[in-house]
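Trainee: If you're matching them up, the sequences are chains A and B in order. Following full-length UniProt numbering, the residues of the first sequence are numbered contiguously, the last one being 596. Following full-length UniProt numbering, the residues of the second sequence are numbered contiguously, the last one being 596. All residues carry an ideal CB built from backbone N, CA and C; glycine is no exception. Provided herewith is a single structure, encoded as structure tokens, for subsequent inquiry.
2 protein chains.
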Amino acid sequence: MRTCYTGEVSREQLDQTVTLFGWVHRRRDHGGVIFIDLRDRAGLAQVVVDPDNVEAFATAERIRNEYCLRITGLVRLRPEGTSNAELASGEIEILCREIEILNTSVTPPFQLDDDNLSETTRLTHRVLDLRRPQMQQNLMLRYRVSIEVRKYLDSLGFIDIETPMLTKSTPEGARDYLVPSRVNPGEFFALPQSPQLFKQMLMVAGFDRYYQITKCFRDEDLRADRQPEFTQIDCETSFLNEVEIRAIFEGMLRHVFSAVQGVELPAAFPTMTWEEAMRRFGSDKPDLRVKLEFVDVSDLMSDVDFKVFSAPANDPACRVVALRVPGGAAMPRSEIDAYTKFVGIYGAKGLAYIKVNDAASVPEGLQSPIVKNIHTQALTQLIERTGAQSGDLIFFGADKTKVVNDAIGALRVRIGHSDFGKEHGLFEAGWQPLWVIDFPMFEYDEQEGRYFAAHHPFTSPKDGHEELLETEPARALAKAYDIVLNGWEIGGGSVRIHRADVQSKVFQALNIGADEAREKFGFLLDALQYGAPPHGGVAFGLDRLVTMMAGAESIRDVIAFPKTQRAQDLLTHAPSSVDEKQLRELHIRLRSPEVK
Amino acid sequence: MRTCYTGEVSREQLDQTVTLFGWVHRRRDHGGVIFIDLRDRAGLAQVVVDPDNVEAFATAERIRNEYCLRITGLVRLRPEGTSNAELASGEIEILCREIEILNTSVTPPFQLDDDNLSETTRLTHRVLDLRRPQMQQNLMLRYRVSIEVRKYLDSLGFIDIETPMLTKSTPEGARDYLVPSRVNPGEFFALPQSPQLFKQMLMVAGFDRYYQITKCFRDEDLRADRQPEFTQIDCETSFLNEVEIRAIFEGMLRHVFSAVQGVELPAAFPTMTWEEAMRRFGSDKPDLRVKLEFVDVSDLMSDVDFKVFSAPANDPACRVVALRVPGGAAMPRSEIDAYTKFVGIYGAKGLAYIKVNDAASVPEGLQSPIVKNIHTQALTQLIERTGAQSGDLIFFGADKTKVVNDAIGALRVRIGHSDFGKEHGLFEAGWQPLWVIDFPMFEYDEQEGRYFAAHHPFTSPKDGHEELLETEPARALAKAYDIVLNGWEIGGGSVRIHRADVQSKVFQALNIGADEAREKFGFLLDALQYGAPPHGGVAFGLDRLVTMMAGAESIRDVIAFPKTQRAQDLLTHAPSSVDEKQLRELHIRLRSPEVK
Chain A
1 MRTCYTGEVS REQLDQTVTL FGWVHRRRDH GGVIFIDLRD RAGLAQVVVD PDNVEAFATA
61 ERIRNEYCLR ITGLVRLRPE GTSNAELASG EIEILCREIE ILNTSVTPPF QLDDDNLSET
121 TRLTHRVLDL RRPQMQQNLM LRYRVSIEVR KYLDSLGFID IETPMLTKST PEGARDYLVP
181 SRVNPGEFFA LPQSPQLFKQ MLMVAGFDRY YQITKCFRDE DLRADRQPEF TQIDCETSFL
241 NEVEIRAIFE GMLRHVFSAV QGVELPAAFP TMTWEEAMRR FGSDKPDLRV KLEFVDVSDL
301 MSDVDFKVFS APANDPACRV VALRVPGGAA MPRSEIDAYT KFVGIYGAKG LAYIKVNDAA
361 SVPEGLQSPI VKNIHTQALT QLIERTGAQS GDLIFFGADK TKVVNDAIGA LRVRIGHSDF
421 GKEHGLFEAG WQPLWVIDFP MFEYDEQEGR YFAAHHPFTS PKDGHEELLE TEPARALAKA
481 YDIVLNGWEI GGGSVRIHRA DVQSKVFQAL NIGADEAREK FGFLLDALQY GAPPHGGVAF
541 GLDRLVTMMA GAESIRDVIA FPKTQRAQDL LTHAPSSVDE KQLRELHIRL RSPEVK
Chain B
1 MRTCYTGEVS REQLDQTVTL FGWVHRRRDH GGVIFIDLRD RAGLAQVVVD PDNVEAFATA
61 ERIRNEYCLR ITGLVRLRPE GTSNAELASG EIEILCREIE ILNTSVTPPF QLDDDNLSET
121 TRLTHRVLDL RRPQMQQNLM LRYRVSIEVR KYLDSLGFID IETPMLTKST PEGARDYLVP
181 SRVNPGEFFA LPQSPQLFKQ MLMVAGFDRY YQITKCFRDE DLRADRQPEF TQIDCETSFL
241 NEVEIRAIFE GMLRHVFSAV QGVELPAAFP TMTWEEAMRR FGSDKPDLRV KLEFVDVSDL
301 MSDVDFKVFS APANDPACRV VALRVPGGAA MPRSEIDAYT KFVGIYGAKG LAYIKVNDAA
361 SVPEGLQSPI VKNIHTQALT QLIERTGAQS GDLIFFGADK TKVVNDAIGA LRVRIGHSDF
421 GKEHGLFEAG WQPLWVIDFP MFEYDEQEGR YFAAHHPFTS PKDGHEELLE TEPARALAKA
481 YDIVLNGWEI GGGSVRIHRA DVQSKVFQAL NIGADEAREK FGFLLDALQY GAPPHGGVAF
541 GLDRLVTMMA GAESIRDVIA FPKTQRAQDL LTHAPSSVDE KQLRELHIRL RSPEVK
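This is the structure:
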């Protein structure tokens, strides 16, 4: 039947007769001849219908965009000077012998090559939107990534084991999607936020190496690039330590990038402690492509006359940092003003800066209203410590540590990605993977006045930190690691707790009482009692990873049928109201029947 | 670290030092030496701890069943006469040099090799149950099947595209699992009963070949071997006809059986129309291993004195069939009585039979109370048509067609699988695949007084049957096919409707009005307007397929964490009650708060 995909016809089939299936991408009459660009998932080919072929020509005259065709014809070279280097089939054309219209099409609501469609239009007409070559390539790429992940994990003895979608609700962390039970009135399943506990139980059951590429669900307010259902590459292994686990999974990324895109990632990914990442970049997922970093200057500013600096410099809950921008003195005032506004989003009350006109003469060579309030010794040391050169700009952050990290961290990335940053060598293109390790076990929530698990409550403390769980939880570090790529956390994991007594201590530190722990996680505590092996793992966000590899703007561009930010499917109109009969069977009723 | 899996140590490592991880399957003292059977996912190995090794021996003395260990030792041959041919590692043992207890275990609630555990015990302690070698093998087999499916489909250009789990409820067929929406009050998602419409839309979008191994959901009362969530190998392709599609997917089964179990299925699967299957076996999923078949005798019995036969023989809604059992005259009376009771389950009011003592002398050679009421000509033709020989038994079914098909169809299988059947060559072991094709488009529901789709409403009628949709829907046949293996339907599919006008006609025949069709399936009707390609596909039930390949008794034996027949997870205690706060956020309340 089909000889090959339309987009794959090439010189190799020269003078051969081929049969192709595809859609009319464009049709044009030119000098009495009809040209059809026929499209399929592999690309385009040019079909020429000559008026000598009366029957085919008559059919071709009826053809409109997006008609579905079968075409048989002879592969020949395009006339000299008309070949198209952008197409795989650009050197050849197909002289049509026979056309069959397999299906007609009404006029599409938009041109497939229109790049300025609103997202609402695209999602409402998703079937047509998916015909666009870019979307076809994105989903093909997604498939290649997932199949290469499988090949790699298979070669290392990981086996795919399916875990349930109808699970128990354990409200902790994000909000669950609930599913009312018909058979058990008043009870509910929850869709899984991750297969975490099931994969740990598979390790206790002795499966040794597990993986799954699976849907997870979080009913959260959708930020820019989140989906209610998302896909996780979920992995777990027994009997390996942190370093061994990381080696396996950075190997996976190397394999995938190499096999799918021919890109060679570094042979060993750099590793950085969480503490260092926060200190140098104000972020636990630093974009290492940006060649700027924080310099702590609290000690220098503790006795200056400038309260904005000296107050936080003397407060252990605060930090004062400098961000040196090489060549930044040339930055236009308007850009600096824009950055001042930008850091406000993150809670910064202003954005102090110093222009370094002449690094050799302090303070005269420094230009800034704040210079006069900072004594010369501090300024001299500032220049020295930041390594500032003449022509540089130094930004400052001075506030609560979190505000400084968020604001100056975001500023750092913003400058790096700006035209200015790219022109001044502050941005190095390419793939920059990084392991961030040694995360704290807990984060303290001021509002709720208690600790929360920084990773999740099943994460093992670092060796020697077990005692801190009781004495100084804030200082306890975890065997947790995130894999960061170009400033995005694309995966994370940890060595898990495999001893029931340690697990109980962590629950205590989290203020989860023995009864509550048993009620929610009794099955895990039970499982740990039966010779649970040391184990750990990782989970990657497939949507995000593919988005980055595709160079797409949104994860919605690598998901076939995504939801909008209001969690709706514009194509099928889900969610929707349902029959009263259905609700009755599920033993529920709507809270306010009028609402709609 | 680990040299290899415990179950893989063999002669090849003789005289080498190995490091193994695993669980204590058994420990025994014998002549002052401690023997440990160490177990992992690959099997068992025997570890010998000599009292000379004081430290290891002291540790070994503390060891109990299901402790998790690391063991280092020397591989040596077992003493002559003590090797175990049942184990891969049966020729060798490991002389222990070092033991580390990685985790202790409390005493398990049952012995792992106890084969008489109740299902409640097994599912409550699923983590331990999964440690049993049989369960480990079942889930490994399941994995091998799924990965070989992927390899095969990948080689043919099928790509895995994920479809949504949060979809629109379209009550038609089975009951949906619903998910209340928080963001859109009063509205609900449904978990998908299958990705049917999404995969069709992917074909319209031009992806050409799609597959997915994915969870589907049906909130039905659970029969013996159903699960609320089950796994489907879901496939769809464009531009192929029925025969081509079947060829691809029987090739998939051949590949999987060959690659996973070394079993060669037939080079071409037999094909049988639905009409023939019902006529010869009373079933659309005949078990061809059973060498018995129906013989229609309505015409012979239309004028006999025996009302039980003559009445249905003259009623077009009924049939009269004979089932000849070679050698059946030797069947003990008690067995025949049991069968009489058995067919009652299917609505048969009795089970007439004739013993053929001497096939050459009719009617004297025939033994049965009914013989005297059937004239000799009918009896003679009966013997001739059934090919009955002396020593055979002939059973009869005479009733509404459905009752005869169900009752005598079940009887046929029952006899074939009985000891009698196996001893008398009525059962041929092995794998007997079969395509059943040409299904009717519709089934008439007497109670509701309307037609239902036999497959689903998106199935294409056979060429030339489009007109019957309006004139004689009962006679319209579909391009639908089921793949049957040893009497189980393991998959099914169809060529789909790719033209909006045909789809509308089918909706009409199903009494789905234009408004309702648009409301429920508008997105499909829209999609079909834009040059939808001819397409079709198939879906396999992975759980059932693996159950059969594993020789397991229940699909629950090939699912890691299944639900009970009351749709409960006994391990994690799902479903469960949830917080009032959660319900409030979802805009629902319980119908009767007391119910629990």
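Residue ranges of each alpha helix (DSSP H) run of no fewer than 4 residues wholly in the segment 285 to 322 of chain A, ordered along the chain?
Mentor: The segment 285 to 322 of chain A contains these whole alpha helix (DSSP H) runs: 298 to 301, 307 to 313.
Trainee: Provide the residue span of the beta strand (DSSP E) that contains G536 of chain B, from first to last.
Mentor: Start and end: 535 to 541.
Trainee: Beta-carbon within less than 6 angstroms of D287 of chain B's beta-carbon, same chain only, minus the 5 sequence neighbours each way: which residues are those?
Mentor: Counting only Cβ-Cβ distances below 6 angstroms, and skipping sequence neighbours, we find V413, N486, G487.
Trainee: Who are the Cβ neighbours of T386 of chain A in its own chain at under 7 angstroms, not counting the five residues just before and after it?
Mentor: These residues qualify, in order along the chain: V295, A322, R324, I394.
Trainee: Can you have a look at I345 of chain B and say buried or exposed, based on whether 16 or more other CB atoms are within 10 angstroms of its CB?
Mentor: Counting Cβ neighbours within 10 Å, I345 of chain B comes out exposed, since fewer than 16 surround it.
Trainee: Taking Cβ-Cβ distances shorter than 7 angstroms, what residues in chain A pair up with Y177 of chain B?
Mentor: Within chain A, the residues near Y177 of chain B are V179.
Trainee: Among A:A268, A:R591, A:D129, which one has its Cα closest to the Cα of E580 of chain B?
Mentor: Among A:A268, A:R591, A:D129, the Cα nearest to that of E580 of chain B belongs to A:R591.
Trainee: Would you mind working out which of A:L156, A:V179, A:V263 sits nearest C235 of chain A, comparing C-alpha positions?
Mentor: For C235 of chain A, the nearest C-alpha among the options comes from A:L156.
Trainee: Taking 9 angstroms as the threshold (beta carbon to beta carbon), is K596 of chain A in contact with chain B?
Mentor: Confidence at K596 of chain A is low in this model, with a pLDDT of 42, below 50, so the placement of that residue is unreliable and no value is reported for it.
Trainee: Between B:G22, B:R97, B:R175, which has its C-alpha nearest L586 of chain A's C-alpha?
Mentor: Among B:G22, B:R97, B:R175, the Cα nearest to that of L586 of chain A is on B:R175.
Trainee: So does the segment 195 to 205 of chain B actually touch the segment 502 to 520 of chain B, counting three or more Cβ pairs closer than 8 angstroms?
Mentor: Contact fails: fewer than three Cβ-Cβ distances are below 8 angstroms.
Trainee: Looking at the structure shown, is D113 of chain A part of a helix, part of a strand, or coil, going by DSSP?
Mentor: Three-state result, D113 of chain A: coil.
Trainee: So if I threshold CB-CB distances at 7 angstroms, which residues from the segment 417 to 443 of chain A count as touching chain B?
Mentor: Of all residues in the segment 417 to 443 of chain A, none has a Cβ within less than 7 angstroms of some Cβ in chain B.
Trainee: Determine the extent of the beta strand (DSSP E) in which Q232 of chain B is found, giving its start and end residues.
Mentor: Looking at the DSSP string, the run of the beta strand (DSSP E) that includes Q232 of chain B is 229 to 238.
Trainee: Pick helix, strand or coil for H125 of chain A, following the three-state DSSP scheme.
Mentor: If DSSP states are grouped into helix, strand and coil, H125 of chain A belongs with coil.
Trainee: So, is the C-beta of V106 of chain B closer than 9 angstroms to a C-beta in chain A?
Mentor: Yes, contact with chain A.
Trainee: Per DSSP, what kind of secondary structure is T564 of chain B in: helix, strand or coil?
Mentor: Note: T564 of chain B maps to coil in three-state DSSP.
Trainee: Put R254 of chain B into one of helix, strand or coil per three-state DSSP.
Mentor: Note: R254 of chain B maps to helix in three-state DSSP.
Trainee: Quick one: give me the first and last residue of the alpha helix (DSSP H) that N103 of chain A is part of.
Mentor: Taken as a continuous stretch (DSSP letters only), N103 of chain A belongs to no alpha helix (DSSP H), being part of the beta strand (DSSP E) at 92 to 103.
Trainee: Please state if the CB of E100 of chain B and the CB of I71 of chain B are separated by a distance shorter than 9 angstroms.
Mentor: Cβ distance < 9 angstroms, so I71 of chain B and E100 of chain B count as in contact.
Trainee: When the Cα atoms are used, what is the spatial distance from F521 of chain B to C4 of chain A?
Mentor: Going by the C-alpha atoms only, they are around 33 angstroms apart.
Trainee: Check K349 of chain A in the structure and name its three-state DSSP category.
Mentor: In the structure shown, K349 of chain A sits in coil (DSSP, three-state: anything other than H, G, I, E or B).
Trainee: Taking 9 angstroms as the CB-CB cut-off, is S504 of chain B touching chain A?
Mentor: It does not: the Cβ of S504 of chain B has no partner Cβ on chain A nearer than 9 angstroms.
Trainee: Apply the 10 Å Cβ neighbour rule to G425 of chain A and answer buried if 16 or more other Cβ atoms are within range, or exposed otherwise.
Mentor: With fewer than 16 other Cβ atoms within 10 Å, it is exposed.
Trainee: If contact is defined by three or more beta carbon pairs under 8 angstroms, each pair taking one atom from either stretch, is the segment 543 to 557 of chain B in contact with the segment 79 to 95 of chain A?
Mentor: No, the segment 79 to 95 of chain A is not in contact with the segment 543 to 557 of chain B.
Trainee: Do the segment 219 to 228 of chain A and the segment 142 to 159 of chain B meet, that is, are 3 or more Cβ pairs less than 8 angstroms apart?
Mentor: The answer is no - the segment 142 to 159 of chain B does not touch the segment 219 to 228 of chain A, with fewer than three Cβ pairs under 8 angstroms.
Trainee: Which of the three DSSP states, helix, strand or coil, is assigned to L382 of chain B?
Mentor: L382 of chain B: helix per DSSP, three-state reduction.
Trainee: For P534 of chain B and M278 of chain B, what's the separation of their Cα atoms in angstroms?
Mentor: C-alpha separation (whole angstroms): 29 angstroms.
Trainee: Which complete beta strand (DSSP E) runs does the segment 148 to 179 of chain B hold, if anything under 3 residues is left out?
Mentor: If we require 3 residues or more, the segment 148 to 179 of chain B turns out to have no beta strand (DSSP E) run fully inside it.
Trainee: Quick check on the burial criterion: 16 or more other C-beta atoms within 10 angstroms. Buried or exposed for K596 of chain B?
Mentor: In this prediction, K596 of chain B has a pLDDT of 42, which is less than 50 and means its spatial position is unreliable; nothing more can be read from the coordinates.
Trainee: Since I believe V54 of chain A is in contact with Q16 of chain A (beta carbons under 8 angstroms), could you give me their beta-carbon distance rounded to a whole number of angstroms?
Mentor: Not confirmed; about 24 angstroms, so no contact.
Trainee: Just curious, the beta strand (DSSP E) that M272 of chain B is in, first and last residue?
Mentor: That run of the beta strand (DSSP E) goes 271 to 273.
Trainee: Taking the alpha-carbon positions, what's the R246 of chain B to I437 of chain B distance?
Mentor: Rounded to the nearest angstrom, the two C-alpha atoms are 10 angstroms apart.
Trainee: Is the CB-CB distance between T124 of chain A and L583 of chain A below 9 angstroms?
Mentor: Not in contact: T124 of chain A and L583 of chain A (Cβ atoms no closer than 9 angstroms).
Trainee: With DSSP as the reference, identify every bridge partner of C68 of chain B, one or two as the case may be.
Mentor: Answer is B:W23, B:N103, bridged to C68 of chain B.
Trainee: Going by other Cβ atoms of all chains shown within 10 Å of its Cβ, with 16 needed for buried, is P562 of chain B buried or exposed?
Mentor: So P562 of chain B counts as buried.
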